[in-house]
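Asks:
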Amino acid sequence: MSVVRRSDALVRPAASPARLVVRGAHVLDPRTGVDGVFDVVVIDGGIAALEPAGSATVPEGAEVVDGAGRHLLPAFVDPHVHLRVPGQEHKEDLETGTRAAAAGGYCAVIAMPNTEPVVDSAPVLRALRDAAARDARVPVAFTAAITRGLGGDELTEMAELRSEGAIAFTDDGRPVVSAGMLRKALQYQRLAGGVLALHEEDPALSGRGAMHEGEVSALLGLAGIPSVSESTMVARDCALAGYEGGRIHIQHLSCVESVLAIEAAKASGVKVTCEVAPHHLCLTEEAVRGLDTRMKMNPPLRTEDDRQALIEALRSGVIDCIATDHAPHARDEKEVPFEQAPMGTTGLETAFAAVYTQLVVPGVLDLGLVVERMTGGGEPFGIPAPRVEVGEEANLVLVDLGSEWEVGEDGYESRSENCCFAGERVRGRVLMTVAAGAVAYRERAFAVVGA
Amino acid sequence: MRHLLSIEDLDRAAIERICDRAASFAEVADREIKKVPALRGRTVLNLFYEASTRTRSSFELAAKRLSADVVNFAASGSSVEKGESLKDTVLTLNAHKPDVIVIRTPWAGAAALVAEWTPAAIVNAGDGKHEHPTQALLDVHTLRARLGGLDGLSIWIVGDVLHSRVARSNILAFQKMGASVTVCGPPTLIPRGVEALGCDVRFTLDDLGEADVVYALRMQHERMDQAFVPTLREYAAEYQINGRRLHPRQVLMHPGPVNRGVELSGEVVDSPQAVITAQVEAGVVVRMAVLYEVLASARAGEPVPEPAPA
């Protein structure tokens, strides 16, 4: 029996290829430089034409989508989501999680392996990929654990997991506590390949912390998680990666100290990329004052100085991409006192609107830059960013930037509702998502004109 | 006042109103029959998720002196140990139609959360390391009785501030009443960012002489195991309030129970400066005032009843 070697880590669900024309939308793709009003023709799931507005001929049997006054962007790629399969389907499953992704404008997501059981063996990964081919709405890539059972003391069979399709390795949710263990994983990476994605936290410093250590934790009497719990591990792991020549990706940066550590590592040639979550770009520890458990996540919401440093790092490119760390939890799990609640917020359905409303509308960040950072989430892992270009597979999101809505007003596509932006008025509504050449999402009230 | 959840929610007027009412209840304790009918027919439910004898019995006495019916529900030996969630427990207890739930939990914000799940009035008897508002109110009451008021006083809170809900409530309450507050303790037991509460921070007792009131916190033995301080001996050497450090004009307070020979020396506990038993006495009358406030005065404008023999 020969092992099936899967070169493509993205599992693409079967779907009928789109055949449509988006008429007169403002097409913006910072990578190709397209920035203007065009007709975009999609035939058999590929971008067939990009023509001046009103000039495209509608192919036989194609839908016509009215893009007037709307923006057509390359769809987003999220390198960090928790789809909770296998074992925690009461929080999310492959169908609801990827439906949430499609509703948020994502054409691909990368799922974390901290499930029950942990994705740490080829059979679990194989079953998961088979299930995704059936159930997912958008392409999904799966990561596998660095250490068996996320226990931190035994490497997984990384080579076999790679050949079975693991896109990367991570113990996300936990750090690799032992420097010696991470070093072995970096050495083994030379055989197995696959980026090591790292959740950075020193358990001895985090302790039983429930929020950022600072003024608000002092007021609330909550044990704090200091910023240095993260940044010391970022610095340590960058040093290890530099020493071994390994390739690492730092997950969900939350503080200024970590930004400085990454900046220094990149400057000295360490092969490191990193991500930031919308909640760390938009919220601070102030949001925790009311002890709303939706504001409890790891890493925690930090200070305004941290938030500003993250925004600046995103602008300068020290931070490579935006990742939601979409972490659904059931209502009864979050409906408990703050200290008892699990860490995590959902994010797929709100990432673009939150970042657009908080950072683009007030003029802090350029829309093009935000699009670049939201579409580039796969690049650290070898998934190219979608491009709006003739000949490319259609990965598109149509958004109405002027449309204002309240997060949660119509419920969520996700099975869970623990969204830190719930109740916020935001701007920027996703009307339609095309993922891997197929229509993956249409906003309920958004009608298609027809052929 | 619908609930008593935190000192943070109260203004000076509310604190004074509760203390004034407590003073009017004080006389009840000296009667042969220590009861007034103010809350007759009302049900007070004590829901305690942490071991507590003093606070629980203080609330129980307060409720009984107001003629309320009292039910004690302790988390140990109950459905809570069988894994029932806080919300399910509260929904179950609602069936007994309590008018007030007095709740203590090891979790910050739990009292406020419970207030959303029950029509009963909630009195926070301690939520994690967050707040212990009735302790702060009884401390304010004790100081008003002893010194007339708190305006312009310098109050030092000494000890394990990090793990103390009493400290947090008192930092807020004393300042609202016009005092200035300094916290002092080992740097490992002073929370980072505590200055945001408006207090000064010191790590030695060198300037303890500036204090009008010294409020010592209980030093818990388990902090040794967690390496917050090397030994109790060293803690006592640096932070114990003793006859050498306490000036005769200073008032000494402690929330109890006292570790003699650790945070306080025996001689200061027994000294006339100590108001520790007055604090315990104040506990009952202040809790009577709080229960009265959240129940009887919910009907607007009702005057304080003249305590009359039951």
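Respectively, the protein sequence lines represent chains A and B.
The working numbering puts the first residue of the first sequence at -8, with every later residue one more than the last.
The working numbering puts the first residue of the second sequence at 90, with every later residue one more than the last.
We put the beta carbon where it would ideally sit given N, CA and C, even for glycine.
So which residues on chain A does K218(B) lean against when the C-beta distance must stay under 9 Å?
Replies: Within the second sequence, numbered from 1, the residue matching residue 218(B) stands at position 129. Simply L211, G212, L213, A214.
Asks: If we cut at 8 Å on Cβ distances, does V283(B) have a partner in chain A?
Replies: Translated into positions along the second sequence, residue 283(B) becomes position 194. Chain A, which has a Cβ nearer than 8 Å to the Cβ of V283(B), makes this yes.
Asks: Using 10 angstroms around the beta-carbon of G200(A), count the other beta-carbons present and answer buried if the total reaches 16, otherwise exposed.
Replies: The count along the first sequence starts at 1 and reaches residue 200(A) at position 209. Buried, since its Cβ has 16 or more Cβ neighbours within 10 Å.
Asks: Is P50(A) helix, strand or coil when you go by DSSP?
Replies: Here residue 50(A) refers to the residue found at position 59 of the first sequence. Coil at P50(A), not helix or strand.
Asks: I want to verify the contact list: residues of chain B whose CB lies under 7 Å from the CB of Q331(A), in sequence order.
Replies: Working through the first sequence from its first residue, we reach residue 331(A) at position 340. Per Cβ cutoff of 7 Å: W196.
Asks: So, are the CB atoms of D30(A) and G52(A) less than 8 Å apart?
Replies: Numbered from 1 along the first sequence, position 39 holds the residue referred to as residue 30(A). Numbered from 1 along the first sequence, position 61 holds the residue referred to as residue 52(A). No, they are not a contact pair.
Asks: Give a yes or no on whether 8 Å exceeds the smallest Cβ distance from D443(A) to chain B.
Replies: Summary: the structure shown does not reach residue 443(A), with chain A confined to residues -8 through 442, and so no result is reported for it.
Asks: Can you tell which of A59(A), V49(A), D35(A), G37(A) has its C-alpha closest to the C-alpha of D27(A)?
Replies: Position 36 of the first sequence holds residue 27(A). Here residue 27(A) turns out to be Gly, not Asp, going by the sequence shown. Nearest of A59(A), V49(A), D35(A), G37(A) to G27(A), Cα basis: A59(A).
Asks: Between the segment 112 to 132 of chain B and the segment 144 to 157 of chain B, are three or more C-beta pairs nearer than 8 Å?
Replies: Yes, the segment 112 to 132 of chain B touches the segment 144 to 157 of chain B.
Asks: Compile a chain-ordered list of the residues in the segment 111 to 127 of chain B whose CB is closer than 9 Å to at least one CB of chain A.
Replies: Listed in sequence order: no entries.
Asks: Do L93(B) and V212(B) come within 8 Å of each other at the CB atom, strictly closer than that value?
Replies: Within the second sequence, the letter at position 123 stands for residue 212(B). Within the second sequence, the letter at position 4 stands for residue 93(B). In this structure, L93(B) lies closer than 8 Å to V212(B) by Cβ.
Asks: What do you reckon, is the C-beta of R307(B) under 7 Å from a heavy atom of the ligand ATP?
Replies: Summarising the ligand content, the structure contains no ligands, and the ligand ATP is consequently not present.
Asks: Pull up the CB-CB distance for G96(A) and A66(A), whole angstroms please, since I reckon it's below 8 Å.
Replies: The residue labelled residue 96(A) in the question sits at position 105 within the first sequence. The residue labelled residue 66(A) in the question sits at position 75 within the first sequence. Indeed, because the Cβ distance is near 6 Å, the residues count as touching under 8 Å.
Asks: Return the CA-CA distance between R91(B) and A188(A), expressed in angstroms with no decimal places.
Replies: The residue you call residue 91(B) lines up with position 2 of the second sequence. The residue you call residue 188(A) lines up with position 197 of the first sequence. Cα to Cα, the separation comes out at about 50 Å.
Asks: If you compare alpha carbons, which of S113(B), V229(B), L261(B), Y381(B) is closest to L239(B)?
Replies: Residue numbering aside, residue 239(B) sits at position 150 when the second sequence is read from its first letter. Here the closest residue by C-alpha is V229(B).
Asks: In whole angstroms, give me the CA-to-CA distance for V290(B) and I244(B).
Replies: Residue mapping note: residue 290(B) aligns to position 201 of the second sequence, counting from 1. Residue mapping note: residue 244(B) aligns to position 155 of the second sequence, counting from 1. Rounded to whole angstroms, V290(B) to I244(B) spans 12 Å at the Cα level.
Asks: If you run the structure through DSSP and keep just helix, strand and coil, what is V(-5)(A)?
Replies: Position 4 of the first sequence, counted from the start, is the residue given in the question as residue -5(A). Caution applies to V(-5)(A), whose pLDDT of 35 falls short of 50 and renders its modelled position unreliable; the value that the coordinates give is listed next. Correct three-state label for V(-5)(A): coil.
Asks: Taking CB distances under 8 Å as the criterion, tell me whether V327(A) reaches chain B.
Replies: Translated into the one-based positions of the first sequence, residue 327(A) becomes position 336. Yes, contact with chain B.
Asks: Can you find a CB in chain B that lies within less than 8 Å of the CB of E204(A)?
Replies: Position 213 of the first sequence, counted from the start, is the residue given in the question as residue 204(A). Answer yes: the Cβ-Cβ gap between E204(A) and chain B drops below 8 Å somewhere.
Asks: Taking C-beta pairs closer than 9 Å, name the residues in chain B that S208(A) reaches, listed in chain order.
Replies: Counting from 1 along the first sequence, the entry for residue 208(A) is found at position 217. P280, R281, G282, listed in chain order.
Asks: For the beta strand (DSSP E) containing D84(A), list its first residue and its last residue.
Replies: Locating residue 84(A) in the first sequence gives position 93, where the first residue counts as 1. Counting along the chain, D84(A) falls outside any beta strand (DSSP E), and DSSP gives it neither H nor E.
Asks: For S52(B), which of helix, strand or coil comes out of DSSP?
Replies: This structure cannot speak to residue 52(B), because chain B is shown only from 90 to 399.
Asks: If contact means a Cβ-Cβ distance below 9 Å, which residues of the segment 338 to 361 of chain B contact chain A?
Replies: So the list is empty, because no residue satisfies the distance condition.
Asks: Short check: CB of F343(A) to CB of V279(A), under 8 Å?
Replies: In the first sequence, counting from the first residue as 1, residue 343(A) sits at position 352. In the first sequence, counting from the first residue as 1, residue 279(A) sits at position 288. Taking 8 Å as the Cβ cut-off, F343(A) and V279(A) do not qualify as a contacting pair.
Asks: Can you tell me where the alpha helix (DSSP H) with H270(A) in it begins and where it stops?
Replies: If you number the first sequence from 1, residue 270(A) lands on position 279. Per DSSP, H270(A) belongs to the alpha helix (DSSP H) from 269 to 273.
Asks: Fully enclosed by the segment 65 to 127 of chain A, which alpha helix (DSSP H) runs are 4 residues long or longer?
Replies: If we require 4 residues or more, the alpha helix (DSSP H) runs fully inside the segment 65 to 127 of chain A come out as 85 to 94, 113 to 126.
Asks: Look at the Cβ atom of K82(A), then the Cβ atom of A332(A), and state whether they are nearer than 8 Å.
Replies: Mapped onto the first sequence, residue 82(A) falls at position 91. Mapped onto the first sequence, residue 332(A) falls at position 341. Not in contact: K82(A) and A332(A) (Cβ atoms no closer than 8 Å).
Asks: Determine which residues of the segment 270 to 293 of chain A have a Cβ less than 7 Å from any Cβ of chain B, and write them out in chain order.
Replies: Listed in sequence order: L282.
Asks: Taking L242(B) as the reference, which of L251(B), L232(B), G248(B) has the closest Cα?
Replies: If you number the second sequence from 1, residue 242(B) lands on position 153. Closest option to L242(B), Cα to Cα, is L232(B).
Asks: Measuring only between beta-carbons, confirm whether V(-6)(A) sits less than 8 Å from chain B.
Replies: Here residue -6(A) refers to the residue found at position 3 when the first sequence is read from its first residue. With a pLDDT of only 34 at V(-6)(A), under 50, the local geometry of the prediction cannot be trusted, and the value read off the model is given with reservation. Not one chain B Cβ lies under 8 Å of V(-6)(A).
Asks: Does K193(B) get closer than 8 Å to chain A when you measure Cβ to Cβ?
Replies: Sequence index remark: in the second sequence, residue 193(B) carries index 104 (1-based). Inspection of the sequence shows that residue 193(B) is occupied by Arg rather than by Lys. Closer than 8 Å: no.
Asks: Can you pull the DSSP bridge partners for H17(A)?
Replies: Here the question's residue 17(A) lines up with position 26 in the first sequence. DSSP output for H17(A) lists V28(A), H62(A) as bridge partner(s).
Asks: Distance cutoff 8 Å, beta carbons only. Does K171(B) sit that close to anything in chain A?
Replies: To locate residue 171(B), count along the second sequence from 1; it is residue 82. Judged by the 8 Å Cβ criterion, K171(B) is not in contact with chain A.
Asks: So who's on the other strand from M423(A), going by DSSP bridges?
Replies: The residue you call residue 423(A) lines up with position 432 of the first sequence. According to DSSP, M423(A) bridges with L389(A), R433(A).
Asks: What's the gap between the Cα of I365(B) and the Cα of Q299(A)?
Replies: For the purposes of this step, residue 365(B) is taken as residue 276 along the second sequence, with counting starting at 1. For the purposes of this step, residue 299(A) is taken as residue 308 along the first sequence, with counting starting at 1. Each residue's Cα considered, the two are about 49 Å apart.
Asks: Does the segment 69 to 81 of chain A touch the segment 347 to 364 of chain A, meaning 3 or more C-beta pairs lie closer than 8 Å?
Replies: Counting Cβ pairs under 8 Å, fewer than three are found: no touch.
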